[in-house]
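Visitor:
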Amino acid sequence: MKRSKAGRPARHTACLLAVGAVLLAPAAMSGTPDFPLGPLPIVEIVGIAPQSAAAIERDRLPYAVQRATDWDVSQARADTLADYLSRHAAGIHVNDISGSPFQTDVTFRGYRASPVLGSGQGLSVYLDGVRVNEPFGDVVNWDMVPEAALGAILLVPGSNPLYGLNTLGGALALTTKSGRSHPGLMVEATLGSGARRRLDLSYGAEAAGWHTLLAATSFDEDGWRDHSAGRLGNVFLKVGRTAGASDWSVSLLGGRSRLLGNGLLPAGTADAPGLYDLDRRAVYTHPDRTRNRLGQLAVNLEQQLDSGAALTASAYVRHSRRDTVNGDVNDDAGEDACAEEPDDADCDAGAHPPAHPAVLNTTASRQRGEGASVQLAVTRGDHQLSAGLSFDRNRVRFAQFEQEGFFSASREVLADPEEEREPSSSVTGRARMAGLYASDTWRLAPGSYATLSARFNHARVANTLTNDDGVQPREAFTYRKLNPSLGIARQVDAALTLFANVAQSNRVPTVIELGCADPEQPCRLPVGLQADPYLSQVVSRTVEMGARWRTANVDAALSLYRTVNRDDILFHSAGTSQQGYFANFPRTRHAGVDASGTARLGDVTLRASYSYLAAVYAADGVLFTGARNVRATSGTRLAGLPRHTLKLGADWAPAPGWTVGVDVLAVSNLLTQGNEDGLTEDAEDGEPPQRADWRIRGHALLHLRAGWQPAPGWEVFVRVNNVFDRRFETYGTVADDVFPGGRPLAPGADAAPARFVAPGAPRTVLAGLRYRF
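Residues -30 to -1, 1 to 743 (mature numbering (1 follows the signal peptide of the UniProt record, and there is no 0)) are what the sequence shown spells out, left to right.
Listed below in structure tokens is the structure:
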């Protein structure tokens, strides 16, 4: 008998109610919580939505948030924001796909926030309430985040509807400093391996109710790999005023970068080593250059009303542009050569040398977004209520060009000046999103709280495509979804809190996904747009339960979760080429455990976290089509995600002004994308299939750091990453290797599938000087 899909959410709610009854039973039998007498418990206030007005005590939340401050990040001597999250946040894993520290692929519980177009995005990222997921593909440009201005980081788990679209697996809310919260001067200069040079500064001031903050970052490096230099700079300015019951601020953010992320390298065998085995610092083909620019204006207002309510309002305008230059293999080179000389005998033998074996792909995208939101928060008796409305719209213009060329001895693509730079595709798209949401945290009994939330999302996405067939008719799609959430938290005593939560969120297809969704006309990323068929929106449901433990010296949390995506949007590769298309997959599932703890023992602080993640396809379907079909069955693992992640850390203050720290990061193996079924080629003429275990092996890394304060306000620090210089990889995919052993294929030879890997960085040393006044 077929089960009704409509009954599944009801079963989740029924399970939550059953768990809630167990949690609330002690409260029903006692009028007051049975807390021991002693010091007052620590009360931490956190936000429940991107806007700051909706904030409650952390122990009343029915899920486990993770929070860090700028002091935590500085004490960790982290290279970047992504580096800090990878070493300190439970459930976070980072794939260093491009090789640039600011182009990393950050995953939380298997959901991505990545700058790579085509990655399945599932985390929403906010900066002072402004969504920074770009309209074109929901990508996150980490290089445009003003790290020197950050004051707090909040990682929210699950499909929380209050955080809007794309919150499938969680949300990352970043809050900047102000002149009121961070007065004074901070300057930090860092030098390191790969000719890395970085300067961060921030200055805050407050006078007569006015507060001002200026923060800036400058970064420059040659990189540890060949042809991988990068640089970026950004400036953040915030001016505001607090007068009576009102507080307003205006912020400006500007940034630009030029980063070279040279991607994956083909690995071989002991008998036939690949380019990666010969030289992990090498690059396959180049250039692979990305230029980003950003300008953002944001206004925030918070008003305390006479009724005790708090009103917040915000508005923003955001402009961004991205220009890329990518040197690639010309897949049509042989066909084009024979088309020009059809009578050549080498064409019949398949040995005609290609006229233009390389192609230089360039893209240009321009994005403009604006939006506004308003929220009201009020406490009435046993209820903490909040409600809000948001509206966002954006416009995207994208164009791609290609120019045929040649490879140099170093595999650099040189454009043929006699060949024209030809447009291959373009798209103009618009999207409008509106959201209406509300939340109520209700004190059911002393120490027991229930939280009910809901958000209604309405989105309309429209595209106009231009390709080889000319301008296509304009297509427009509308999506609507009501997403609820219900959770219960029970404070068992002053230290222990139990919680359970059920939540739902959704994600609508973006311009790029709608513009590249036809398997009959696959496109290249980034991107040859060909067709505009309909894609369903992704709907994600999370069930989570766990416990928090907090005393004066110990913090610990345990979460068990299960998230199911329906109609997940995946990029399907057409065989082992770089072409493909977006399509809905019936169902994927992420289930696991996050456990973390921190203990302060005098001069020593210990940290540990462990994450187990079972991320699988929960239905049968085809993942990749073209030269072969990779068929997934229910239970097949998703590629690129470790099942086990262990993070250990310790900090010791052996003497006044001295600190010494150690970090250990261990991850288990990853499946290689394109090898999920253990095969590399289909069987032919009844022969058995060619099997190969191309998994990325697990690894463990040791990092050391130390700091010394020679005088008040001054600090000298040093950090050594990958102390034992371990050789490791962070990601893998299957593609054709046309440069076996770093040498070009002989004319007429067929390229064989190979495992391409993302090399991990070798031992690096960073030293710096920080001054605070």
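Every residue gets a Cβ at the ideal spot worked out from N, C-alpha and C, and that includes glycine.
With which residues is Y173 paired in a DSSP beta bridge?
Guide: Beta-bridge pairing links Y173 to L155, L184.
Visitor: Out of G351, A379, Y33, G139, point me to the one whose CA is closest to N535's CA.
Guide: Selected option, being the one with the closest Cα: G139.
Visitor: If residue 746 and S506 are in contact, beta carbons under 8 Å, what's the gap, nearest whole angstrom?
Guide: Outside the displayed span of the chain (-30 to 743) sits residue 746, for which this structure offers no information.
Visitor: With distances taken Cα to Cα, identify the nearest neighbour of A565 among G358, R79, D663.
Guide: It is R79 whose Cα lies nearest to the Cα of A565.
Visitor: From T333 to M403, what does the alpha carbon distance come to, in whole angstroms?
Guide: Rounded to the nearest angstrom, the two C-alpha atoms are 26 Å apart.
Visitor: Use the C-beta contact count for D590: other C-beta atoms within 10 angstroms, 16 or more gives buried, fewer gives exposed.
Guide: So D590 ends up on the exposed side.
Visitor: What are the residues that DSSP puts in a beta bridge with K147?
Guide: K147 is not bridged to any residue.
Visitor: Unbroken beta strand (DSSP E) runs of length 3 or more, entirely within the region 586 to 632: which are they?
Guide: Segments of the beta strand (DSSP E) lying fully in the region 586 to 632: 591 to 594, 600 to 602, 614 to 622.
Visitor: For E272, which beta-bridge partners are listed by DSSP?
Guide: Paired residue(s): D217, T282.
Visitor: Comparing alpha-carbon positions, which option in T575, E514, T521, P479 lies nearest V541?
Guide: Val is not the amino acid found at residue 541; the sequence shown has Phe there. For F541, the nearest C-alpha among the options comes from P479.
Visitor: Inspect the CB distances between the region 416 to 432 and the region 143 to 151 and report whether three or more fall short of 8 Å.
Guide: Counting Cβ pairs under 8 Å, fewer than three are found: no touch.
Visitor: Compute the Euclidean distance between the alpha carbons of E272 and N692, then round it to the nearest angstrom.
Guide: Straight-line Cα distance between these residues: approximately 45 Å.
Visitor: V592: buried (16+ other C-beta within 10 angstroms of its C-beta) or exposed?
Guide: It counts as exposed.
Visitor: Leaving out the 5 sequence neighbours to the left and right, which residues in its chain are closer than 7 Å to R713 when beta-carbon positions are compared?
Guide: If we look at R713 and ignore the five residues flanking it on each side, it has no Cβ neighbours.
Visitor: Can you confirm whether the region 719 to 739 touches the region 688 to 706 when touching is taken to mean that 3 or more C-beta pairs between the two stretches lie within less than 8 Å?
Guide: Yes: the two stretches touch, three or more of their Cβ pairs being nearer than 8 Å.
Visitor: How is V481 classed by DSSP in three states: helix, strand or coil?
Guide: V481 falls in the helix class under three-state DSSP.
Visitor: Note down, in chain order, each residue of its chain lying with its Cβ closer than 8 Å to the Cβ of G656, except the 5 sequence neighbours on either side.
Guide: Taken in chain order, the list of residues that qualify is empty.
Visitor: Mind reading off the beta-carbon distance from L736 to V686? Whole number of angstroms is fine, and I expect it under 8 Å.
Guide: Incorrect: roughly 12 Å between the Cβ atoms, too far for contact.
Visitor: Report yes if the CB atom of N232 is closer than 7 Å to the CB atom of G69, and no otherwise.
Guide: Cβ distance < 7 Å, so N232 and G69 count as in contact.
Visitor: Buried or exposed, going by whether 16 or more other CB atoms sit within 10 Å of the CB of L10?
Guide: Here L10 scores only 44 on pLDDT, less than 50, and its place in the model should not be relied on; the value that follows carries that caveat. With fewer than 16 other Cβ atoms within 10 Å, it is exposed.
Visitor: What is the DSSP secondary structure of W41, reduced to helix, strand or coil?
Guide: It is helical.
Visitor: Apply the 10 Å Cβ neighbour rule to S277 and answer buried if 16 or more other Cβ atoms are within range, or exposed otherwise.
Guide: S277 is exposed by the Cβ-count criterion.
Visitor: Alpha carbons only, please: which of W218, W194, A588 is nearest the one belonging to R557?
Guide: It is A588.
Visitor: Where does A676 fall in DSSP's three states?
Guide: Residue state, collapsed to three classes: strand.
Visitor: With contact counted as at least three CB pairs below 8 Å, one residue from each stretch, are the region 166 to 183 and the region 202 to 219 in contact?
Guide: Yes, the region 166 to 183 touches the region 202 to 219.
Visitor: What do you reckon, are the CB atoms on Y33 and P105 nearer than 7 Å?
Guide: The answer is no: Cβ separation not under 7 Å.
Visitor: Around the C-beta of P71, are 16 or more other C-beta atoms found within 10 angstroms, so that it is buried, or is it exposed?
Guide: The residue is buried, with at least 16 neighbouring Cβ atoms inside 10 Å.
Visitor: Helix, strand or coil: how does DSSP classify L138 here?
Guide: Coil at L138, not helix or strand.
Visitor: Identify the continuous alpha helix (DSSP H) that holds A118 and give its terminal residues.
Guide: Counting along the chain, A118 falls outside any alpha helix (DSSP H), and DSSP gives it neither H nor E.
Visitor: Alpha helix (DSSP H) containing D75: first to last residue?
Guide: Counting along the chain, D75 falls outside any alpha helix (DSSP H), though it belongs to the beta strand (DSSP E) covering 75 to 78.
Visitor: Suppose the cutoff is 6 Å on Cβ atoms and the five residues either side in sequence are ignored; what does the same chain contact list for N364 look like?
Guide: Once the five neighbours on either side are set aside, the close Cβ partners of N364 are P105, G339, A401.
Visitor: Beta carbon of W678, beta carbon of W622: below 7 Å?
Guide: No, the Cβ-Cβ distance between W678 and W622 is not below 7 Å.
Visitor: 7 Å is my cut-off, CB to CB: does L264 come that close to chain B?
Guide: Note that chain B does not occur in the displayed structure, where there is just one protein chain.
Visitor: Which whole-angstrom value is the C-beta distance of V86 and V109, which I expect to be below 8 Å?
Guide: Contact flag correct, Cβ pair sits at about 7 Å.
Visitor: If I measure Cβ to Cβ from A165 and keep anything under 7 Å in the same chain, skipping five residues before and after, which residues do I get?
Guide: For A165, where only same-chain residues beyond five positions count, the Cβ hits under 7 Å are E191, D192.
Visitor: Determine the closest residue to D352 out of T650, R413, A325, G297, with distance taken between C-alpha atoms.
Guide: Nearest C-alpha to D352: R413.
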